[in-house]
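Here's the structure we're looking at; comments come further down.
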Amino acid sequence: VGRGFYEPERVKEILESRKRTEAGVTAPPQGLVLTEIKYM
1 VGRGFYEPER VKEILESRKR TEAGVTAPPQ GLVLTEIKYM
């Protein structure tokens, strides 16, 4: 959405379809780290 690949309506359709394949490629889990949590 932020880069113009999808319109906001398309994101809603993808989420409502509950089909993971509709969303496209995901990042691999290697290297993903939770570094901080902030409570406001």
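Those letters in the sequence shown? Residues 1 to 40, per full-length UniProt numbering, in order. Ideal placement from N, C-alpha and C gives every residue a C-beta, glycine not left out. None of these values were measured; they are calculated from a predicted model.
In the DSSP assignment, the alpha helix (DSSP H) including residue 13 goes from what residue to what residue? 8–17
Do you know how far the Cα of residue 36 is from the Cα of residue 10? 31 Å
Alpha-carbon to alpha-carbon, residue 23 and residue 2: 15 Å
To which residues of the same chain is residue 20 closer than 8 Å at the C-beta, ignoring the five residues directly before and after it? Excluding sequence positions up to five before and after residue 20, its CB lies less than 8 Å from no other CB in the same chain.
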